[in-house]
Every structure is written in structure tokens, then in C-alpha cells.
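The opening position of the sequence shown corresponds to residue 62 in my numbering, with each subsequent residue numbered one higher. Where is the CB? At the ideal position from N, CA and C, for every residue including glycine.
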Amino acid sequence: MHLRRATADDALTLARLYDLVWSRETGTLGEKLAAERRADELTVGKWLERDTYFIVEVEGCIRAAIGCEAKHGTLHLVHLVTHPQHRRRGFARALMEKAELYAKKIGVNKLWFDTAPGLDAAQNLYQSLGYTRCGRLRRHYWGTDVVLYEKLL
Ligand SMILES: CC(C)(COP(=O)(O)OP(=O)(O)OC[C@H]1O[C@@H](n2cnc3c(N)ncnc32)[C@H](O)[C@@H]1OP(=O)(O)O)[C@@H](O)C(=O)NCCC(=O)NCCS
Numbered sequence: 062m063h064l065r066r067a068t069a070d071d072a073l074t075l076a077r078l079y080d081l082v083w084s085r086e087t088g089t090l091g092e093k094l095a096a097e098r099r100a101d102e103l104t105v106g107k108w109l110e111r112d113t114y115f116i117v118e119v120e121g122c123i124r125a126a127i128g129c130e131a132k133h134g135t136l137h138l139v140h141l142v143t144h145p146q147h148r149r150r151g152f153a154r155a156l157m158e159k160a161e162l163y164a165k166k167i168g169v170n171k172l173w174f175d176t177a178p179g180l181d182a183a184q185n186l187y188q189s190l191g192y193t194r195c196g197r198l199r200r201h202y203w204g205t206d207v208v209l210y211e212k213l214l
């Protein structure tokens, strides 16, 4: 496993990974939210320009990714996915730990996540890493509730 920062050249491969993962979560997220997360290459390219993304590669293929949006002295973690055929190998955990190191490096004092109620694997992961469930926004994204997690450093 190789963990590195993503570059503009990764946009297409990342877009394919997001498409694959979120096309399977329509039932959990609803059509609109799932479609929004299935970003195309151009959109992912903009994310990569604006924010810092880390990826896990195995034998040269991207198998997991996370985005880190630094704003207001916090790090908002976004777009965390692992390829469906490469799960439970510690890739997401490694990315979350990398994001925490990155937060410390850039001097922010808090990490947070918003997620959807049915994404149970993600919520287990956050709790196992010391994140606290800190709120719920009702019918927030296209009618889907949002569950909030935070971790103070
Ligand atoms: C959530 C997700 C990123 C986890 O990726 P992963 O690489 O398989 O996760 P890891 O192997 O690092 O697992 C770390 C921990 O997360 C939890 N976890 C992961 N998958 C789980 C599952 N299917 N059921 C229950 N807990 C799970 C466990 O606590 C696990 O630790 P353990 O394996 O020691 O028990 C992946 O399931 C995914 O892409 N899901 C769909 C997209 C998504 O929900 N993204 C989060 C958006 S907010």
C-alpha cells in the first residue's frame, strides 16, 4: 500500500472511483445526493485544485481517497471512499490518520465530518478513531439527514 497526496493527474481515476462507490449508495443517500457525489473528471479536478486529497494506491491503482478542506481553523473531511473490492484492509483508517497528521501540520485544532445516517461502516470508523457524534441536521441534503462527527486535537 502506498499513501500519497493526489495531484491533478489523478482526477480521472478518482472520478471513476467516486462513480463506482456512489452509484452503489443511491438507496442510502437518495438519487440526488448520490448523483452529486459521482463527480466527473472536471469537478474532481476543481476539488484537487482547491483542497488537499490523499489517496491509497495498490500496485499503481487508486483504491481509496479522502479530501481535506481547511476552513475557519478546522479541517472538514470529505469524499472518503474505498473501492468496494478492497475494503476492510485498513485503507480508510490510514487515510483518516494521515488527515489528522495533516491537520496538525497546518495548525488546525479540529477535524469534522458530515455523513448520512445509513453509512454505518463510515460511522463505525469515525467512532473507532475517537470522533464524537455531535449533531444531526434534518432533511439537510436533498431531503436526506446529515449526521455530524467532530474530533478536537
Ligand atoms: C467507509 C469506508 C470508506 C471504509 O473503508 P475501508 O477501507 O473498508 O475501512 P477500513 O478497512 O480502514 O476500516 C476501518 C474501520 O472502519 C470500520 N468499518 C469499516 N467497514 C465496516 C463495515 N462494513 N462494517 C462495520 N464497520 C466497518 C471498522 O471499525 C474498521 O475497523 P476494523 O476493520 O479493525 O474492524 C468504505 O466502507 C466506503 O467507501 N463506504 C462507502 C462510502 C462511504 O460511506 N464513505 C464515507 C462518507 S462520509
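Item: Beta-ladder partner(s) of PRO196, from DSSP; Value: A small fix is needed here, since residue 196 is Gly in this sequence, not Pro. DSSP lists LEU209 as partners of GLY196.
Item: Range covered by the alpha helix (DSSP H) that runs through THR87; Value: 87-90
Item: Inter-residue Cα distance where the pair is VAL142 and HIS63; Value: 16 Å
Item: Cβ contact check for the segment 198-213 and the segment 168-185: 3 or more pairs under 8 Å; Value: yes
Item: Through-space distance from GLY91 to ALA67, alpha-carbon basis; Value: 28 Å
Item: heavy atom of ligand 1 below 7 Å from VAL82 C-beta; Value: yes
Item: Extent of the continuous alpha helix (DSSP H) run through TRP173; Value: Careful: TRP173 lies outside any alpha helix (DSSP H), inside the beta strand (DSSP E) at 171-176.
Item: Neighbour-count burial assignment, LYS166, 16 or more Cβ in a 10 Å radius; Value: exposed
Item: Bridge partner(s) assigned by DSSP for TYR202; Value: THR205
Item: As assigned by DSSP and simplified to three states, the class of HIS147; Value: helix
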